[in-house]
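Asks: Residue numbers (the numbering used here): 54 to 326.
In this text, a Cβ means the ideal position worked out from N, Cα and C, and glycines have one as well.
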């Protein structure tokens with residue numbers, strides 16, 4: 054008798070499992086036809102499906118200020134593409150981050166009230182930062198600093214040394230943020246606004262380029278010169294100086310990337326930078 058009860062119990066469980074599997078199979082169909090294509094073809098399809106870049110003559114896309122991002126060169130992917138399945142979502146977002154340049158709050162001497170992200174805390178906690186590959190930074194050396202007092206806007210003329218001090222402090226905060234969380238960063242374009250272009254002293258010139266020094270900590274980043282705003286007489290010198298400083302950062306980045314490999318292997322070597 055016990056053996057008959059056990060056999061009937063097993064047969065009942067087997068039939069129950071078959072019914073359960075049949076129900077589950079109704080919800081699990083064949084993979085989407087798009088996933089059956091090679092990844093290269095899917096990337097080409099994403100190229101046509103994703104919104105086109107805004108271009109130089111169109112207004113860039115402006116995301117929410119809470120993200121720490123001020124402008125995007127391309128609009129984000131439409132929601133319907135992100136709801137198909139997890140694999141396609143990852144591939145669409147990968148394509149988006151590979152082709153989009155992100156602009157962040159400028160390195161300026163203005164008071165915190167007039168900066169979208171003065172300490173780059175929004176950028177630090179942004180979910181975008183670890184995935185960003187192309188970044189646009191604007192350095193603004195402005196001789197008139199904006200501040201607020203008693204609900205009134207005030208402009209205060211600043212000496213170059215004070216302007217550099219404020220911009221350099223923000224550059225250190227930004228470099229630290231990118232070093233900690235900019236894991237995918239590959240390209241940084243630096244645009245330069247210079248109200249002090251008529252200064253000819255070499256010490257002042259070196260002090261200006263010193264605002265880029267904190268970014269030496271970034272490894273494996275390709276630095277490029279962007280737009281330059283300066284008076285016509287000295288603009289050429291500013292352009293040449295910026296390109297020279299960015300070439301130095303590229304050279305340092307090559308050395309530090311080798312240093313990072315040794316750290317990962319547990320063999321920390323010292324390199325003169």
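Rounding to the nearest angstrom, what Cα-Cα distance links residue 281 and residue 221 in this structure?
Replies: Within the chain shown, the letter at position 228 stands for residue 281. Within the chain shown, the letter at position 168 stands for residue 221. Approximately 19 angstroms between the Cα atoms of the pair.
Asks: Can you name the start and end residues of the beta strand (DSSP E) that residue 100 belongs to?
Replies: Sequence index remark: in the chain shown, residue 100 carries index 47 (1-based). Under the DSSP assignment, residue 100 falls outside any beta strand (DSSP E), being part of the alpha helix (DSSP H) whose first and last residues are 92 to 102.
Asks: Do residue 249 and residue 218 have their beta-carbon atoms positioned less than 7 angstroms apart in this structure?
Replies: In the chain shown, residue 218 corresponds to position 165, counting from 1. In the chain shown, residue 249 corresponds to position 196, counting from 1. For residue 218 and residue 249, no; Cβs fall outside 7 angstroms.
Asks: Buried or exposed for residue 138, please, with buried defined as at least 16 other CB atoms from any protein chain shown within 10 angstroms of its CB.
Replies: Looking up residue 138 in the chain shown gives position 85. Looking at its Cβ environment, which holds fewer than 16 other Cβ atoms inside 10 Å, residue 138 is exposed.
Asks: Excluding sequence positions up to five away, which residues of its chain have a Cβ less than 6 angstroms from the Cβ of residue 67?
Replies: Along the chain shown, read from residue 1 onward, the residue named residue 67 stands at position 14. Result list for residue 67: empty, nothing under 6 angstroms.
Asks: Please classify residue 162 as buried or exposed, where buried requires at least 16 other C-beta atoms within 10 Å of its C-beta.
Replies: Here residue 162 refers to the residue found at position 109 when the chain shown is read from its first residue. The residue is buried, with at least 16 neighbouring Cβ atoms inside 10 Å.
Asks: Would DSSP call residue 188 helix, strand or coil?
Replies: Working through the chain shown from its first residue, we reach residue 188 at position 135. Correct three-state label for residue 188: strand.
Asks: Would you mind stating whether residue 276 and residue 303 have Cβ atoms separated by less than 7 angstroms?
Replies: Here residue 276 corresponds to residue number 223 of the chain shown, with the count starting at 1. Here residue 303 corresponds to residue number 250 of the chain shown, with the count starting at 1. Going by C-beta atoms, residue 276 is nearer than 7 angstroms to residue 303.
Asks: Would you decide whether residue 143 is buried or exposed? Buried here means 16 or more other CB atoms lie within 10 Å of its CB.
Replies: Working through the chain shown from its first residue, we reach residue 143 at position 90. It counts as exposed.
Asks: Look up residue 244 in the DSSP assignment and say whether it is helix, strand or coil.
Replies: The residue given as residue 244 occupies position 191 in the chain shown. Residue 244: strand per DSSP, three-state reduction.
Asks: Put residue 281 into one of helix, strand or coil per three-state DSSP.
Replies: Locating residue 281 in the chain shown gives position 228, where the first residue counts as 1. Note: residue 281 maps to strand in three-state DSSP.
Asks: Counting only the same chain and skipping the five closest in sequence on each side, list residues whose C-beta sits under 8 angstroms from that of residue 146.
Replies: Position 93 of the chain shown, counted from the start, is the residue given in the question as residue 146. Only 130, 135 and 184 meet the Cβ criterion.
Asks: If residue 123 sits next to residue 156, beta carbons under 8 angstroms apart, how far is it from one beta carbon to the other, in whole angstroms?
Replies: Counted from its first residue, the chain shown places residue 123 at position 70. Counted from its first residue, the chain shown places residue 156 at position 103. Cβ-Cβ separation between residue 123 and residue 156: approximately 5 angstroms, consistent with a contact (criterion under 8 angstroms).
Asks: Can you tell me whether residue 268 is buried or exposed, with buried defined as 16 or more other CB within 10 angstroms of its CB?
Replies: On the chain shown, position 215 is the one that residue 268 refers to. It counts as buried.
Asks: Would you list the residues sitting across from residue 155 in a DSSP beta bridge?
Replies: For the purposes of this step, residue 155 is taken as the residue at position 102 of the chain shown. Answer is 125 and 188.
Asks: Taking the C-alpha atoms as reference points, what is the distance between residue 69 and residue 90?
Replies: In the chain shown, residue 69 corresponds to position 16, counting from 1. In the chain shown, residue 90 corresponds to position 37, counting from 1. If I take the Cα positions, the gap works out to 37 angstroms.
Asks: Identify the residues that DSSP records as bridge partners of residue 160: which are they?
Replies: Taking the first residue of the chain shown as 1, we reach residue 160 at position 107. Residue 160 pairs with 192.
Asks: As a quick exercise: from 225, 166 and 247, pick the residue whose alpha carbon is nearest that of residue 286.
Replies: The residue labelled residue 286 in the question sits at position 233 within the chain shown. Measuring from the Cα of residue 286, the nearest candidate turns out to be 247.
Asks: Could you spell out where the alpha helix (DSSP H) holding residue 177 opens and where it closes?
Replies: Translated into positions along the chain shown, residue 177 becomes position 124. Segment 174 to 177, the alpha helix (DSSP H) holding residue 177.
Asks: Taking the alpha-carbon positions, what's the residue 110 to residue 279 distance?
Replies: Counted from its first residue, the chain shown places residue 110 at position 57. Counted from its first residue, the chain shown places residue 279 at position 226. Only weak support exists for where residue 110 lies, its pLDDT of 47 falling under 50; the coordinates are left without a value.
Asks: Thinking residue 176 and residue 182 are a contact (beta carbons under 8 angstroms), I'd like their distance in whole angstroms, please.
Replies: Stepping through the chain shown from its first residue, residue 176 is reached at position 123. Stepping through the chain shown from its first residue, residue 182 is reached at position 129. In this structure residue 176 is in contact with residue 182, their Cβ atoms being roughly 6 angstroms apart against a cut-off of 8 angstroms.
Asks: May I have the straight-line CA-CA distance separating residue 118 from residue 169, to the nearest angstrom?
Replies: Locating residue 118 in the chain shown gives position 65, where the first residue counts as 1. Locating residue 169 in the chain shown gives position 116, where the first residue counts as 1. Rounded to whole angstroms, residue 118 to residue 169 spans 7 angstroms at the Cα level.
Asks: Whole angstroms are fine: how far does the CA of residue 238 sit from the CA of residue 166?
Replies: As a working mapping, residue 166 is identified with position 113 in the chain shown. As a working mapping, residue 238 is identified with position 185 in the chain shown. Rounded to the nearest whole angstrom, the C-alpha separation of residue 166 and residue 238 is 28 angstroms.
Asks: According to the neighbour-count rule (16 or more other Cβ atoms, all chains shown, within 10 Å of its Cβ), is residue 297 buried or exposed?
Replies: Counted from its first residue, the chain shown places residue 297 at position 244. Exposed: under 16 other Cβ atoms inside 10 Å.
Asks: Helix, strand or coil: which one does DSSP assign to residue 111?
Replies: Reading the chain shown from its first residue, position 58 is the one you call residue 111. With a pLDDT of 47 at residue 111, under the threshold of 50, the modelled position of that residue is not reliable, and the figure given next carries that caveat. Three-state result, residue 111: coil.
Asks: Buried or exposed for residue 236, please, with buried defined as at least 16 other CB atoms from any protein chain shown within 10 angstroms of its CB.
Replies: As a working note, residue 236 is residue 183 in the chain shown. By the neighbour-count rule (16 or more Cβ atoms within 10 Å), residue 236 is not buried but exposed.
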